[in-house]
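Counting along the sequence shown from 1, when you hit position 248 you're at 247 in numbering that gives the first Met the number 0, and nothing is skipped either side.
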Amino acid sequence: MQATQTLLFIFCLLSFFQCKSKHQIFIEEIKLLIEKEKFGIVIEKLQGKLKSQRPNDEILSFSKPKTERIMSFSNDRNRLIWVEDKKLIYRDLANPLVKTKELPKAIANMNVSAEGNYAIVAFPNGKEKKCNLRSLSLVEFKPDYNVATTLSCDDKAAIAPDGGVVYYFKENALYKEVTIKYNNPILLVPKEEISAPYPKILNKNAMFSIGKTFVIFSGNAGAYNLYWFNPSNNEVQLLAKKVVLPYLYYGNGKQAFIICGSIGKLTMRELQFSSHSKPSLTQAISVELSQTRLWQKADGEEFFTGEEQVFSWKRNGKMKAYPILCKRFWGVARNQIIYENSKGELLLANTEFAKEEWDYLRFYILAKEKKSEEERKVED
0 MQATQTLLFI FCLLSFFQCK SKHQIFIEEI KLLIEKEKFG IVIEKLQGKL
50 KSQRPNDEIL SFSKPKTERI MSFSNDRNRL IWVEDKKLIY RDLANPLVKT
100 KELPKAIANM NVSAEGNYAI VAFPNGKEKK CNLRSLSLVE FKPDYNVATT
150 LSCDDKAAIA PDGGVVYYFK ENALYKEVTI KYNNPILLVP KEEISAPYPK
200 ILNKNAMFSI GKTFVIFSGN AGAYNLYWFN PSNNEVQLLA KKVVLPYLYY
250 GNGKQAFIIC GSIGKLTMRE LQFSSHSKPS LTQAISVELS QTRLWQKADG
300 EEFFTGEEQV FSWKRNGKMK AYPILCKRFW GVARNQIIYE NSKGELLLAN
350 TEFAKEEWDY LRFYILAKEK KSEEERKVED
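Below, the structure written as structure tokens:
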């Protein structure tokens with residue numbers, strides 16, 4: 000028995016060193032190619048490694064949609080909702096729970112309630128940039144509610160935490176409809192109270208939930224005003240001017256982040272909120288253009304950003320590349336990176352990477368730098 004256990008231990012040990020030696024052999028091959036200045040081959044080989052699915056990555060969707068996915072998060076980013084062509088998928092990362100819902104056709108945009116249990120989707124109706132809204136219950140069985148009014152596809156509507164009320168914009172004024180039964184729209188805020196930085200430009204409005212209240216981005220072309228809307232008294236209050244992106248990057252359920260300033264002088268501000276009270280904005284900190292699509296890690300110390308290459312950074316700190324290449328970086332939820340691979344599949348990856356993966360990244364960056372130097376010499 001003891002001899003058998005010893006042989007098994009030796010076999011496992013040999014297997015371990017064999018796997019390790021494969022990595023060492025690969026790295027030696029990469030070093031040799033760099034010495035021979037075969038930078039293009041090095042980049043290609045390492046791209047294959049950095050694009051590969053890791054053993055602990057979870058595939059959220061094997062689908063390869065014909066149109067670009069549309070994705071939304073709950074306030075705490077525990078629930079992830081996305082649309083692939085004509086199918087809506089709800090995923091609770093904390094429980095876990097998965098729900099799917101077939102849609103009659105592709106949508107133009109989507110928004111979800113604070114806890115992510117309800118959605119409001121915009122269906123193009125065939126007229127140029129015109130849409131019809133429908134509210135959806137994603138967890139409990141409740142009938143859908145259709146808004147009869149034709150609205151602009153450029154505006155983003157919102158839905159109450161319990162799914163009982165939908166909010167939307169018509170000619171820059173804010174309306175609501177109760178979803179229990181079909182009813183006429185009710186004017187909440189006239190257009191004069193939601194002003195844009197440039198009133199003569201066609202205005203766009205986007206509404207996002209923060210607990211039981213909402214924020215509204217109003218503007219166009221990289222210049223927006225940010226308002227707080229309180230449904231309990233139907234009042235709006237101006238929170239900030241010179242907002243660049245009409246998007247709210249949710250944090251841990253009590254905060255979110257916005258991008259302000261102007262091109263060349265971009266800043267990030269943290270929006271701190273509770274269920275009912277007026278939110279507050281922190282002091283702005285400078286960010287680069289490449290940092291504007293930002294998602295905070297759960298511990299609050301780091302942010303992740305990127306497009307095809309994923310980076311992390313700390314407040315007022317340098318960006319650090321991560322050993323992952325993708326077709327699209329979607330965001331971070333519960334300290335997990337959500338990304339789309341070259342096949343079009345949607346994956347969930349943790350932020351812990353092995354030493355071997357950092358080696359691939361290090362040599363990949365080196366090879367790209369060497370290739371750039373080589374190309375500059377040719378141009379000179």
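We put the CB at the ideal spot given by N, CA and C, even for glycine.
Keep in mind that this is a model prediction, so the values were computed, not measured.
Unbroken alpha helix (DSSP H) run spanning residue i, endpoints
i: Ala-366; result: 354-378
Same chain, Cβ closer than 7 angstroms to residue i, neighbours up to 5 away in sequence not counted
i: Met-0; result: Summary for Met-0: the model assigns pLDDT 49, below 50, so the residue's position carries little reliability; its value from the coordinates is reported in the next sentence. Answer for Met-0: no residue qualifies.
i: Lys-190; result: Glu-170, Asn-171 and Ala-172
i: His-22; result: Glu-355
i: Ala-105; result: Thr-66, Asp-84 and Lys-85
i: Leu-13; result: Low confidence applies to Leu-13: its pLDDT is 49, below 50, so where it sits in the model is not reliable enough to give any reading.
Residue burial classification, residue i (beta-carbon count within 10 angstroms, cutoff 16)
i: Phe-140; result: exposed
i: Asn-204; result: buried
i: Lys-198; result: Note that residue 198 corresponds to Pro in the displayed sequence, not to Lys. That one is exposed.
i: Tyr-181; result: exposed
i: Pro-54; result: exposed
i: Pro-103; result: exposed
i: Asn-233; result: exposed
i: Glu-269; result: buried
i: Arg-314; result: exposed
i: Lys-240; result: exposed
i: Ala-178; result: The question names Ala, but residue 178 is Thr in the sequence shown. Thr-178 is buried by the Cβ-count criterion.
i: Phe-8; result: With a pLDDT of only 49 at Phe-8, under 50, the local geometry of the prediction cannot be trusted, and the value read off the model is given with reservation. When all chains shown are included, Phe-8 counts as exposed.
Residues near residue i in its chain [Cβ-Cβ closer than 6 angstroms; skip 5 each side]
i: Asn-116; result: Leu-137 and Val-138
i: Ile-69; result: Val-82 and Met-109
i: Leu-386; result: Residue coverage of the chain in this structure runs from 0 to 379, which leaves residue 386 outside it and unanswerable.
i: Lys-30; result: none
i: Trp-409; result: Residue numbering for the chain in the displayed model covers 0 to 379; residue 409 lies beyond these limits and cannot be assessed.
i: Phe-207; result: Val-214 and Leu-247
Inter-residue CB distance, residue i and residue j (contact presumed, cutoff 8 angstroms)
i: Tyr-221; j: Asn-202; result: Inspection of the sequence shows that residue 221 is occupied by Gly rather than by Tyr. 13 angstroms between Cβ atoms; not a contact.
i: Ala-348; j: Ile-336; result: 5 angstroms
i: Thr-304; j: Gln-290; result: 5 angstroms
i: Met-267; j: Leu-293; result: 7 angstroms
Coarse secondary structure for residue i, derived from DSSP in three states
i: Gly-39; result: helix
i: Glu-101; result: strand
i: Leu-265; result: strand
i: Glu-301; result: coil
i: Ile-26; result: helix
i: Lys-241; result: strand
Contact set for residue i: own chain, Cβ-Cβ below 8 angstroms, skip 5 residues either direction
i: Asn-340; result: Lys-50, Gln-52, Cys-325, Lys-326 and Leu-346
i: Leu-135; result: Leu-87, Lys-100, Tyr-117, Ala-118, Ile-119, Val-120 and Asp-143
i: Phe-72; result: Arg-78, Leu-79, Ile-80, Val-111, Gly-115, Tyr-249, Gly-330 and Ala-332
i: Val-377; result: none
i: Lys-35; result: none
i: Glu-307; result: Leu-324, Cys-325, Lys-326, Arg-327 and Phe-328
i: Ala-113; result: Ser-73, Asn-74, Pro-160, Ser-208, Ile-209, Gly-210 and Lys-211
i: Lys-369; result: Ile-33, Glu-36 and Phe-38
i: Val-41; result: Ile-29, Leu-32, Ile-33, Phe-362, Tyr-363 and Ala-366
Residue interval of the beta strand (DSSP E) (run including residue i)
i: Lys-313; result: From DSSP, Lys-313 is part of no beta strand (DSSP E); its letter is neither H nor E.
i: Glu-176; result: 172-177
i: Leu-187; result: 185-188
i: Pro-123; result: 117-123
i: Met-70; result: 69-72
Contact test: residue i Cβ vs the ligand HEM heavy atom, cutoff 7 angstroms
i: Ile-323; result: Questions concerning the ligand HEM fall outside what the structure shown contains, since it holds no ligand whatsoever.
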